[in-house]
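Residue numbering for the sequence shown follows the working numbering, beginning at 9 and increasing consecutively. C-beta atoms are modelled at their ideal positions from N, C-alpha and C, and glycine is treated no differently.
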Amino acid sequence: MTILRSSGRHYRKPALWKRIVKWTLLSVLGIALIAGAAGFFLVYHTLGKIGEDTELIFEARQELDIPPPDQPVNVLVLGTDEDPDGDSKRSDTMMLVRLNPEGQCVSLLSIPRDLLVDIPEVGEDKINAAYAIGDVPLAIDTVRELTGQPIHHFVMINYTGFADAVDSVGGVYVDIDQRYFNDNTDVYYGEEYEPIDIQPGYQRLGGQDALDFVRYRHTDSDFVRIRRQHNFINDVKAQTVKWGNVTNIPSVADAFASNTTSDIGRADILSYTKFVLGVDRNRVYQATVPVLESNGAYLTVDDEQFEEILAQFENPVFETPAPPVPEAEAARTISDSTRGLTIEVLNGNGSDGSAGAAAELLSGNGCVNVVVGGNANNTYEENQIYFRDGHRKAADEIAALLAPARVQALPPELDTNGQLLVVVGSSFDAEAAAPEAPAPAAVNFADDLETGSMSWSAAALELPFRPLRPTRFPVEFDYEDFRTYEIDTDDGPRAALKVVGTDQLGNYWGIMETTFTDAPLLENPSAEREVEGRTFRFYYAEGGLRYLAWQEGDVVIWVSNTLQNNLSEETMIELALSFKQVDES
């Protein structure tokens, strides 16, 4: 989603299917993540603002095709970068997204903005001129003419909304895995990427840096970019606990809503969101309109190849078959109405991480507004599901997911801001509920005090605390970068060390050491347990162990996995167990 510069230079466009679907097509997910404790009512209100009947939406609906019931739906996604006065209308990204519930797949067709097409009632021009000339209605008509596909819905995003939302909460803390830098020095025309300069390490990003980070694509594959964006979302979710003050939430919601326009109503947005989140990543077809050699400033469609791509777009063939719904899983299906409720989760068993693990399980099953509270006043043997009037059916569905569980009406002595209150009992297995870690990689360790020894010693001289380092190191791993710095926090700067490492394939993993012991990232671990005398906090995401953290005095340390979770849990634990102070090594 590259911003179009006024210089008129041609910039490459990303094909980021997961970000388009999760952020652009349904950017309201960002609202749901950020809204947190503000409750579903605010998200629902914001959804309504996105789909309000404006003159533009009314005009666009005259061009849209009627969505067929229980059939694939095509959504035109327009990414725009308009100036604040609205004097310059630029469509920087144009994509056609096909949601196919029957085939359990998503198709995504990227349309180059410099593509030469026949714009209805205008003539030949670049396809992005359709939006500049006739707004959304003409863009819809032009894409339908180009592809022969019906257009059922549209979503238009102004990318400044994302940066505005981040700035509205004072920035977001993110663990940056490596140095991200590009200034387009010594590159050929047409090969430019967006400029970026972000140092590695846990830090607070402002809106523009956050936008640059999630859009970065200079050296990444699509899959790596997707994982980076997922990790960013997880970091944002962790920070919502720290925001606490609900007064921030309306400005965040407004930032998204005021920069998103769509004809899609509230119910359909939630329904499409549920579907997209459930699609296997291996069942997403992505393609770009094929072109012949560039004719100056224009790109010409390769008609023969385009016919083949359109056939695949409609009925893609995957190596991964459409997954049937197992009977046991079907019995635990959560309805759309339940997914939209606000669910508060309390720890009722005294085991650290249980409430967070249960909340992650609910979120993983499509619940869009799960809030982790504190500890319950009493100790519970079984999981308890309390419901407000009118929500018994929803409570039964949640109980089936968290079985064994008891369901009962919310008693007067208990209170919750949501419609359901879940109290996690001692029968709940937090580790079993956590995503299964990836299969252990073949990693051989050796006692090693030489690799990076000079850098570790130099870092120790620059820090107000004595850092710890691994004394056993994977033989094919290496250190890439050492950075000592201060983390900007509301309570003043905190000393920090970021070490960037590489595995045998060149993937980046990391070590973070800081006096910022209450960093938002460390909230709500998936599990906590003692291993050989060291108490570790486990943070699972994307099917593997994302972070492994522990505290040494006034310093918290965590080992971060690669973006693709290439390191096994065993590797991360063995590495962490070998940490000793640099002067003791």
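Endpoints, the alpha helix (DSSP H) within which residue i is located
| i | result |
| --- | --- |
| VAL144 | 136-155 |
| PHE485 | Here PHE485 belongs to no alpha helix (DSSP H), and DSSP marks it neither H nor E. |
| GLY214 | Premise fails: GLY214 is in no alpha helix (DSSP H) and is neither H nor E. |
| ILE204 | Element bounds for ILE204: not the alpha helix (DSSP H) but the beta strand (DSSP E), 204-206. |
| GLN320 | 311-322 |
| GLU63 | 63-69 |
| LEU469 | 461-470 |
Contact belief for residue i with residue j at Cβ below 8 Å, rounded distance in angstroms
| i | j | result |
| --- | --- | --- |
| ARG516 | SER534 | For the sequence presented, residue 516 should be read as Tyr rather than Arg. Not confirmed; about 22 Å, so no contact. |
| GLU67 | PRO128 | Going by Cβ atoms, the distance from GLU67 to PRO128 rounds to 15 Å, so no, they are not a contact pair. |
| LEU428 | ALA403 | 6 Å |
| GLY215 | ASP183 | Actually they do not touch by this definition, with Cβ atoms about 18 Å apart. |
| LEU213 | VAL180 | 6 Å |
| LEU556 | PHE544 | 6 Å |
| ASN355 | ASN383 | 5 Å |
| VAL353 | VAL415 | Not quite, the Cβ-Cβ distance comes to about 15 Å (not below 8 Å), so this is no contact. |
| PRO208 | ASP489 | 6 Å |
| VAL125 | THR150 | 6 Å |
| ILE495 | GLY509 | With 8 Å as the limit, ILE495 and GLY509 do not qualify as a contact, their Cβ atoms being about 20 Å apart. |
| THR269 | ILE65 | 7 Å |
Per-residue burial, residue i [other beta carbons within 10 Å of its own, 16 or more giving buried]
| i | result |
| --- | --- |
| THR275 | It should be pointed out that residue 275 corresponds to Ala in this sequence rather than to Thr. With fewer than 16 other Cβ atoms within 10 Å, it is exposed. |
| MET462 | exposed |
| ASN573 | buried |
| THR387 | exposed |
| LEU116 | buried |
| ALA319 | exposed |
| ASN136 | buried |
| PHE189 | exposed |
| ASP455 | exposed |
| LYS30 | Unreliable positioning characterises LYS30 in this predicted model, as indicated by a pLDDT of 38, which lies under 50. A coordinate reading is not provided. |
| ASP498 | exposed |
| SER343 | exposed |
| VAL325 | exposed |
| GLU71 | buried |
| PRO482 | buried |
| GLN392 | buried |
| ALA46 | For ALA46, the predicted structure reports a pLDDT of 37, less than 50, and the residue's modelled location is therefore unreliable. The matter cannot be settled from this model. |
| THR579 | buried |
| GLU368 | buried |
| ASN323 | exposed |
| THR525 | exposed |
| ALA584 | buried |
Residue i: first and last residue of the uninterrupted beta strand (DSSP E) it sits in
| i | result |
| --- | --- |
| LEU422 | Where LEU422 is concerned, there is no enclosing beta strand (DSSP E), given that its DSSP letter is neither H nor E. |
| ILE127 | 124-127 |
| ALA504 | 502-510 |
| ARG400 | Unbroken run through ARG400 is the alpha helix (DSSP H), 400-409; no beta strand (DSSP E). |
| GLY381 | 377-383 |
| PHE395 | 391-395 |
| VAL177 | Premise fails: VAL177 is in no beta strand (DSSP E) and is neither H nor E. |
Strand pairing of residue i, partner residues [DSSP]
| i | result |
| --- | --- |
| CYS113 | ASN108 |
| ALA102 | What sits at residue 102 in the sequence shown is Met, not Ala. According to DSSP, which records beta bridges pairwise, MET102 is partnered with LEU86. |
| MET164 | LEU86 and THR269 |
| SER568 | GLY518 and TYR555 |
| GLU538 | THR543 |
| SER118 | MET103 and THR296 |
| GLY597 | Since the first residue of the chain shown is 9 and the last is 593, residue 597 is not available in this structure. |
| PHE453 | PRO482 |
| GLN589 | LEU476 |
| THR492 | LEU505 |
| ILE184 | GLY209 |
| PHE189 | ASP205 |
| ARG414 | GLN392 |
| GLU577 | Note: GLU577 sits in no beta bridge, so no partner. |
Residue i versus the options, residue with shortest Cα-Cα distance
| i | options | result |
| --- | --- | --- |
| ARG306 | LEU123, GLY514 and LEU575 | Note that residue 306 is Tyr in the sequence shown, not Arg. Among LEU123, GLY514 and LEU575, the Cα nearest to that of TYR306 belongs to LEU123. |
| ARG69 | LEU530, GLY273, ILE342 and ARG545 | GLY273 |
| GLN211 | ALA527, THR101 and LYS401 | ALA527 |
| PHE314 | PRO324, THR296 and ALA504 | THR296 |
| TYR596 | LEU86, ASP191 and ALA408 | Summary: the structure shown does not reach residue 596, with the chain confined to residues 9 through 593, and so no result is reported for it. |
| ASP185 | THR525, TRP566 and PHE321 | TRP566 |
| ASP562 | THR579, MET102 and ARG502 | ARG502 |
| LEU422 | ASN323, VAL564 and TYR394 | TYR394 |
| ASN452 | GLN512, VAL151 and ILE406 | GLN512 |
| THR101 | GLU132, ALA147, LEU476 and THR579 | ALA147 |
| ALA138 | THR88, GLU578 and PRO419 | THR88 |
| VAL81 | THR62, ILE65, LEU64 and PRO109 | PRO109 |
| VAL349 | HIS160, HIS399, ARG414 and VAL380 | It is worth fixing the name first, because residue 349 is Leu in this sequence and not Val. Here the closest residue by C-alpha is HIS399. |
| ASN532 | ILE317, SER371, VAL380 and ILE159 | VAL380 |
| ILE165 | ARG477, SER345, MET103 and GLU521 | MET103 |
| LEU471 | PHE221, GLN112, THR346 and LEU505 | LEU505 |
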